[in-house]
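Q: Under the working numbering, the first residue of the sequence shown is numbered 4, with each subsequent residue one higher.
After the C-alpha cells below, expect a handful of questions from me.
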Amino acid sequence: MKSSYAVTVDWARAGASFSDGRYSRAHPWQFDGGTDVSDAFSPHIVPLPFSVEAAVDPEEAVVAALASCHMLWFLSVAARKGFVADSYRDEATGTLAVDPEGRLAMTEVVLRPCVAFSGEKRPTATEHDAMHHEAHAQCFIANSVRTTVRCDARVVAREDASAD
C-alpha cells in the first residue's frame, strides 16, 4: 500500500523586515480537504510578536499526529477484538530538548490515553496494555519518527453495560 498526502504551507513577508529576524512566522497550513490551520513557531522558540500564541505550532502538530494516529489504531484494534470503546481522551505531551547529536529535537512524546469501555466484554489490564502495544506498532507516524513514544494508558470504569 502506498498513499500520498498533500499540504500547502504558504508564507509571505508582507513588507516586514527580514534579515534582522523581525518577521512574522505566522502562516497557514492548507489541507487537501479544504481545512486551513493557522501555524507559527511556538512563542517558546520565537518570541511574540513574531510568533502567534493562538496558532498551532509544528511541535504541537507532531504530538497531535502521534496521539491521533495511536488513538485511531487503538480504536481499530479494540473493535476487531470485540470491545466497545465509548470514549478516548489523551492529554499527550512532547518534550523538545537537545538530542545526542546536539540538535534541538522532539525527544519524547508521552501519550496518556484514558479509555472508557462498555458492554459485556471488557478488556483486562493485560489486554488493554496489549492493545496499546499493537496500536503503537501499527502507527505509521510513530514508525516514521526517532522520538521516543511512551504510553501511560488508563481505563475508565463504566457502570452501564449497554453497547452497540
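We treat Cβ as the ideally placed atom computed from N, Cα and C, and that holds for glycine.
Just curious, the alpha helix (DSSP H) that Cys72 is in, first and last residue?
A: For the purposes of this step, residue 72 is taken as residue 69 along the sequence shown, with counting starting at 1. Where Cys72 is concerned, the enclosing alpha helix (DSSP H) stretches over 61–83.
Q: So Ala88 and Val118 are in contact, right, with Cβ under 8 Å, and what is the actual spacing, rounded?
A: Taking the sequence shown and counting its residues from 1, the one referred to as residue 88 is at position 85. Taking the sequence shown and counting its residues from 1, the one referred to as residue 118 is at position 115. Confirmed, Cβ separation roughly 6 Å.
Q: How far does the alpha helix (DSSP H) with Thr129 in it extend, from its first residue to its last?
A: Numbered from its first residue, the sequence shown carries residue 129 at position 126. From DSSP, the alpha helix (DSSP H) with Thr129 extends over 128–141.
Q: Can you tell which of Val40, Glu111, Ala67 has the C-alpha that lies nearest to the C-alpha of Val12?
A: To locate residue 12, count along the sequence shown from 1; it is residue 9. The candidate whose alpha carbon is nearest that of Val12 is Val40.
Q: When you compare the CB positions of Pro116 and Ala156, do they come within less than 8 Å of one another, or not?
A: The residue given as residue 116 occupies position 113 in the sequence shown. The residue given as residue 156 occupies position 153 in the sequence shown. Taking 8 Å as the cut-off, the Cβ atoms of Pro116 and Ala156 count as close.
Q: With DSSP as the reference, please indicate the residues paired to Leu114 in a beta bridge.
A: The residue given as residue 114 occupies position 111 in the sequence shown. Paired residue(s): Cys154.
Q: Can you give me the start and stop residues for the beta strand (DSSP E) that Leu51 sits inside?
A: Locating residue 51 in the sequence shown gives position 48, where the first residue counts as 1. Neither: Leu51 is in no beta strand (DSSP E) and is coded neither H nor E.
Q: Cβ of Gly97 within 8 Å of Cβ of Val65?
A: Position 94 of the sequence shown, counted from the start, is the residue given in the question as residue 97. Position 62 of the sequence shown, counted from the start, is the residue given in the question as residue 65. In contact: Gly97 and Val65 (Cβ atoms closer than 8 Å).
Q: Check Glu145 in the structure and name its three-state DSSP category.
A: For the purposes of this step, residue 145 is identified with residue 142 of the sequence shown, where counting begins at 1. Looking at the sequence provided, one finds Ala at residue 145 rather than Glu. Note: Ala145 maps to helix in three-state DSSP.
Q: When the Cα atoms are used, what is the spatial distance from Glu137 to Leu107?
A: Position 134 of the sequence shown holds residue 137. Position 104 of the sequence shown holds residue 107. When rounded, the distance between both Cα atoms is 29 Å.
Q: So, for Phe44: in the same chain, excluding its five sequence neighbours on each side, which residues have a beta-carbon less than 7 Å away from its beta-carbon?
A: By one-based count along the sequence shown, residue 44 stands at place 41. Excluding sequence neighbours, Phe44 sits near Arg28, Ser54, Asp60.
Q: Considering Tyr26, what are the terminal residues of the beta strand (DSSP E) in which it resides?
A: Mapped onto the sequence shown, residue 26 falls at position 23. Where Tyr26 is concerned, there is no enclosing beta strand (DSSP E), given that its DSSP letter is neither H nor E.
Q: Within the continuous beta strand (DSSP E) that includes Tyr91, where are the two ends?
A: Position 88 of the sequence shown, counting from 1, holds the residue named residue 91. First-last of the beta strand (DSSP E) with Tyr91: 87–93.
Q: Which partner residues does Met4 have in the DSSP bridge list?
A: As a working mapping, residue 4 is identified with position 1 in the sequence shown. In DSSP, Met4 forms no bridge with anything.
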